[in-house]
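**Q** Each residue of the sequence shown is one higher than the last, beginning at 1 in the working numbering. Quick one: this structure, given as structure tokens, is what I'll be asking you about.
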Amino acid sequence: MNNQKNSITSENSLIETKNLGKRLSTSLNEELLILDQINLNIKRGESVAITGASGSGKTTLLGLLAGLDIPSEGEASLLGKALSPLDEDERAALRLGKVGFVFQSFHLMDNLSALENVMLPLELDSDSKNIRTRALDALKQVGLEDRSTHLPTQLSGGEQQRVALARAFVSKPQILFADEPTGNLDRNTGEEIIALLFEMQKQSDTTLVMVTHDDSLAERCQTHYKLVDGKIIT
Ligand SMILES: Nc1ncnc2c1ncn2[C@@H]1O[C@H](COP(=O)(O)OP(=O)(O)O)[C@@H](O)[C@H]1O
Ligand SMILES: [Mg+2]
């Protein structure tokens, strides 16, 4: 493999960080240390929960791990590649087809049907084949095959999150990042979504990194990291 010199990754780790930190400056020009000395090692197939109070830096951490955001200090690697030498396009290319996302507020494209939303990540990957059939299969897996032509506004919150799950898993990603995926749903709907999420994770052999407020949900993951004052407590 090339680039091994650049890689901080040990064998079998899909995500690894070394002394990762994030500072932000406020509008008053004060420095805010949001994340400090984060050391994580997430292995292939692992399920990981990240919990912490609101504002403790969970979303910021997820963004750094996924290469959506850039650290102020330290290093992160994703899928065996150090992220810091890569520019934004190279980081996007690294994620393509291998990393899926599910967010609290669904993040579907409003002007696209359920099916078109699920097809989108496949269409971005020029190697993809049988896009429509695969997207329909994914919609079937989340029980929404009869809603394929509906726009997001014609779907309930739970249904929109099902579409988001289908979109996230359609490329059988190696890693799924989920940021409070049940945060906008009532308890029963949230539990249905979580059951589906774990089922699809198992089927696709996907590594799961999930931010949640819900300790009982965190306990269902193999590893539980707690963020307190910008630091990880295991
Ligand atoms: N772009 C930003 N500019 C300034 N402060 C930010 C920004 N993003 C996040 N923060 C602050 O960083 C802290 C952590 O935010 P976040 O990662 O969203 O926390 P969580 O997801 O745990 O609620 C919060 O205090 C938040 O206000
Ligand atoms: Mg958050």
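Glycine included, each C-beta is placed from N, C-alpha and C at the ideal position.
Considering only DSSP beta bridges, list what GLU75 is partnered with.
**A** Walking along the sequence shown from the start, residue 75 turns up at place 75. Its beta-bridge partners are LYS18.
**Q** Specify, as a first and last residue, the run of the alpha helix (DSSP H) that GLY157 falls within.
**A** Residue 157 sits at position 157 when you count from the first residue of the sequence shown. Per DSSP, GLY157 belongs to the alpha helix (DSSP H) from 157-169.
**Q** Can you tell me which of the three DSSP states VAL118 falls into?
**A** Walking along the sequence shown from the start, residue 118 turns up at place 118. The answer is helix: DSSP assigns VAL118 an H, G or I state.
**Q** Only counting runs of 3 or more residues, tell me where the beta strand (DSSP E) segments fall wholly within the segment 75-103, in order along the chain.
**A** 99-103, all fully within the segment 75-103.
**Q** Between the alpha carbons of ASP81 and LEU208, how many angstroms are there, rounded?
**A** By 1-based counting over the sequence shown, the position of residue 81 is 81. By 1-based counting over the sequence shown, the position of residue 208 is 208. At residue 81 the sequence reads Lys, which differs from the Asp that was named. So the two alpha carbons sit approximately 18 Å from each other.
**Q** Report whether the distance from the Cβ of THR223 to the nearest heavy atom of ligand 1 is below 7 Å.
**A** Counting from one through the sequence shown, the residue named residue 223 turns up at place 223. Every heavy atom of ligand 1 is 7 Å or more from the Cβ of THR223, so no.
**Q** Could you pull out every unbroken alpha helix (DSSP H) segment of at least 4 residues lying fully inside the segment 14-69, listed in chain order?
**A** List check, alpha helix (DSSP H) in window: 58-65.
**Q** Hey, how far is the Cα of LEU155 from the Cα of SER113?
**A** On the sequence shown, residue 155 is found 155 positions in, with the first residue counted as 1. On the sequence shown, residue 113 is found 113 positions in, with the first residue counted as 1. Those two C-alpha atoms are separated by around 10 Å.
**Q** DSSP three-state label for PHE106, please.
**A** Within the sequence shown, numbered from 1, the residue matching residue 106 stands at position 106. In this structure, PHE106 counts as coil in the three-state DSSP scheme.
**Q** Are there 16 or more other CB atoms within 10 angstroms of the CB of ALA195, so buried, or fewer, so exposed?
**A** Position 195 of the sequence shown holds residue 195. That one is exposed.
**Q** What did DSSP end up calling LEU124 once you bin it into helix, strand or coil?
**A** To locate residue 124, count along the sequence shown from 1; it is residue 124. Here LEU124 sits in coil by DSSP.
**Q** Quick test of your reading: ASN12 and GLN37, contact by CB under 8 Å. State the CB separation rounded to the nearest angstrom.
**A** The residue labelled residue 12 in the question sits at position 12 within the sequence shown. The residue labelled residue 37 in the question sits at position 37 within the sequence shown. Going by Cβ atoms, the distance from ASN12 to GLN37 rounds to 23 Å, so no, they are not a contact pair.
**Q** Locate the beta strand (DSSP E) running through THR133, then write down its first and last residues.
**A** Within the sequence shown, numbered from 1, the residue matching residue 133 stands at position 133. That residue, THR133, is in no beta strand (DSSP E); its alpha helix (DSSP H) goes 131-141.
**Q** Run the proximity test for THR59: is its beta-carbon closer than 7 Å to any non-hydrogen atom belonging to ligand 4?
**A** Among the ligands present in this structure, namely ligand 1 and ligand 2, ligand 4 is not found.
**Q** Check for me: the alpha helix (DSSP H) holding LEU197 runs from which residue to which?
**A** Against the sequence shown, residue 197 aligns to sequence position 197. Here the alpha helix (DSSP H) through LEU197 covers 187-204.
**Q** Within 10 Å of its beta-carbon, does ARG132 have 16 or more other beta-carbons around it, so buried, or fewer, so exposed?
**A** As a first step, residue 132 is located in the sequence shown; it is residue number 132 there, counting from the start. Exposed, since its Cβ has fewer than 16 Cβ neighbours within 10 Å.
**Q** With distances taken from CA atoms, which of THR182, ARG147 and GLU16 is nearest LEU115?
**A** Position 115 of the sequence shown, counted from the first residue, corresponds to residue 115. The shortest C-alpha separation from LEU115 is found at ARG147.
**Q** Specify the secondary structure class of THR234 as computed by DSSP and reduced to three states.
**A** Position 234 of the sequence shown, counted from the start, is the residue given in the question as residue 234. Of the three classes helix, strand and coil, the one that applies to THR234 here is coil, per DSSP.
**Q** Tell me which same chain residues have a C-beta within less than 7 Å of the C-beta of LEU190, skipping the five on either side of it?
**A** Position 190 of the sequence shown, counted from the start, is the residue given in the question as residue 190. Per the sequence shown, the amino acid found at residue 190 is Gly instead of Leu. Contacts found: THR182.
**Q** Taking 8 Å as the threshold (C-beta atoms), are GLU192 and GLN104 in contact?
**A** Within the sequence shown, numbered from 1, the residue matching residue 104 stands at position 104. Within the sequence shown, numbered from 1, the residue matching residue 192 stands at position 192. The answer is no: Cβ separation not under 8 Å.
**Q** Using only CA atoms, which one of THR234, THR223, ASP214 and ARG220 lies nearest to SER54?
**A** Indexing the sequence shown from 1 puts residue 54 at position 54. The shortest C-alpha separation from SER54 is found at ASP214.
**Q** For ligand 1, I want to know if ILE232 counts as a neighbour, meaning its beta carbon is within less than 7 Å of at least one of the ligand's heavy atoms.
**A** Against the sequence shown, residue 232 aligns to sequence position 232. No.
**Q** Go to ASN151, then tell me how far its alpha helix (DSSP H) extends in each direction, as first and last residue.
**A** As a working mapping, residue 151 is identified with position 151 in the sequence shown. Strictly speaking, residue 151 in this sequence is Leu, with Asn absent from that position. Per DSSP, LEU151 belongs to no alpha helix (DSSP H) and is neither H nor E.
**Q** Where does LEU144 sit, in a helix, a strand or coil, going by DSSP?
**A** One-based indexing of the sequence shown puts residue 144 at position 144. If DSSP states are grouped into helix, strand and coil, LEU144 belongs with coil.
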